[in-house]
Amino acid sequence: MEYRDSLDGITADNLKGFFVGWPNPPSPETHLKILGNSAYAVIAIDDETGDVIGFVNAVSDKVLTAYIPLLEVLPDHQGKGIGGELMRRMMQKLEGLYMIDLACNKELIRFYERFGLISVDKFGTTAMIKRDFDVQSGKKE
Numbered sequence: 000m001e002y003r004d005s006l007d008g009i010t011a012d013n014l015k016g017f018f019v020g021w022p023n024p025p026s027p028e029t030h031l032k033i034l035g036n037s038a039y040a041v042i043a044i045d046d047e048t049g050d051v052i053g054f055v056n057a058v059s060d061k062v063l064t065a066y067i068p069l070l071e072v073l074p075d076h077q078g079k080g081i082g083g084e085l086m087r088r089m090m091q092k093l094e095g096l097y098m099i100d101l102a103c104n105k106e107l108i109r110f111y112e113r114f115g116l117i118s119v120d121k122f123g124t125t126a127m128i129k130r131d132f133d134v135q136s137g138k139k140e
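All residue numbers in the sequence shown are consecutive under numbering that gives the first Met the number 0, ending with 140.
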């Protein structure tokens with residue numbers, strides 16, 4: 000297993016199988032653009048195949064704030080600590096920023112608490128989200 004914060008040598012062919020369960024998932028080409036346009040990205044690469052088996056990305060002003068929109072590990076590789084290592088490395092990159100936010104399903108709260116994130120319920124606030132499934136596969140150009 001290799002963890003990298005560089006996309007050097009990574010092509011869309013290395014990004015197949017992600018976004019499981021999404022009704023209109025981004026293509027591998029769009030996925031590559033997502034990672035490339037992110038302020039930060041960390042990928043996990045299978046040593047034998049060279050394929051990306053997990054990733055996390057963050058958008059940030061690199062001064063005060065960051066948002067982590069995506070963390071995913073391919074189904075065959077889940078439960079092996081890869082997601083945790085990706086998050087650990089991302090949180091290390093974001094160290095020193097005032098605000099690091101993400102939105103997650105309730106069943107993932109305990110996972111993210113391991114990295115110092117807390118449920119906004121503890122502050123009496125809430126996270127707001129908007130989803131437009133017509134462009135779930137990527138912005139129309």
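Note that CB positions come from ideal geometry on N, CA and C, so glycine has one too.
For clarity, every value in this text was computed on a predicted model and none was experimentally measured.
Query                                                                                                    : Result
Give me the Cα-Cα distance between Leu96 and Pro74, rounded to the nearest whole angstrom.               : 31 Å
Kindly indicate the opening and closing residues of the alpha helix (DSSP H) around Asn36.               : Pro27 to Asn36
According to DSSP, Val41 sits in a beta bridge with which residue or residues?                           : Val55
What do you reckon, are the CB atoms on Met98 and Thr64 nearer than 8 Å?                                 : yes
Can you name the start and end residues of the alpha helix (DSSP H) that Ile67 belongs to?               : First-last for Ile67: Thr64 to Val72, but that is the beta strand (DSSP E), not the alpha helix (DSSP H).
Can we count Tyr111 as close to the ligand PLP, meaning its CB is less than 7 Å from some heavy atom?    : Among the ligands in the structure shown, none appear at all, so the ligand PLP cannot be discussed.
Check for me: the alpha helix (DSSP H) holding Glu84 runs from which residue to which?                   : Ile81 to Lys92
Kindly indicate which three-state DSSP category Glu1 falls into: helix, strand or coil?                  : strand
Can you tell which of Lys138, Lys139, Val134 and Glu140 has its C-alpha closest to the C-alpha of Asn23? : Val134
Using a threshold of 8 Å, state whether the C-beta atoms of Gly35 and Ile81 are closer than that.        : no
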